[in-house]
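Whatever position you read off the sequence shown (first residue = 1), add 56 for this note's numbering.
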Amino acid sequence: DTGQQINVLKGHFDGVTAVAMDGTMVVSGSGDNTIRLWDRNTGQQINVLEGHSDGVTAVAMDDTMVVSGSRDNTIRLWDRKAGQGREICRFTDDYSIHAVTKLMDRVIGGDDKGMVQMFLICY
57 DTGQQINVLK
67 GHFDGVTAVA
77 MDGTMVVSGS
87 GDNTIRLWDR
97 NTGQQINVLE
107 GHSDGVTAVA
117 MDDTMVVSGS
127 RDNTIRLWDR
137 KAGQGREICR
147 FTDDYSIHAV
157 TKLMDRVIGG
167 DDKGMVQMFL
177 ICY
């Protein structure tokens, strides 16, 4: 048996490289350098987050924030409701970010050179 497709979310202009979901929202990141927020139930696009200068490769979220990692070597923290972003760290030596997660006051990023780094969020 295969699962039943219930929705298709269209809006990115390049390949989707990262997705995350919770009870109300879907977050997607793409090679078009954007993060898009979608209503999980209706499939309607809620917001487009712009600020990365290269493709988005990782996304994560909690109740208040969206975290994104990119080939531009940055991890950005976004206010989930307002759609305003703030860069919290930048990896050096041209390391692209391939994984991100957030828990409470910390963000973790993994890069393409094998490093995992933890950052304290400054509010």
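Backbone N, C-alpha and C define an ideal beta-carbon position, used for all residues, glycine too. Note that this is a predicted model, so its numbers are computed, not measured.
Rounded straight-line distance, which links the Cα of residue j to that of residue i
i: Val115; j: Ala155; result: 7 Å
i: Tyr151; j: Asp95; result: 32 Å
i: Leu133; j: Thr80; result: 19 Å
i: Val128; j: Gly87; result: Strictly speaking, residue 128 in this sequence is Asp, with Val absent from that position. For Asp128 and Gly87, the distance between alpha carbons rounds to 11 Å.
i: Asp135; j: Met121; result: 5 Å
Per-residue DSSP class, three states only, for residue i
i: Asp95; result: strand
i: Ile90; result: Looking at the sequence itself, residue 90 is Thr, so the reference to Ile does not match. Strand.
i: Ile164; result: strand
i: Ala138; result: coil
i: Arg132; result: strand
Own chain, CB closer than 6 Å to residue i, minus 5 neighbours either side, in chain order
i: Ser84; result: Val72, Val75 and Arg92
i: Gln173; result: Gly165
Start-to-end residues for the beta strand (DSSP E) that takes in residue i
i: Ser126; result: Met121 to Ser126
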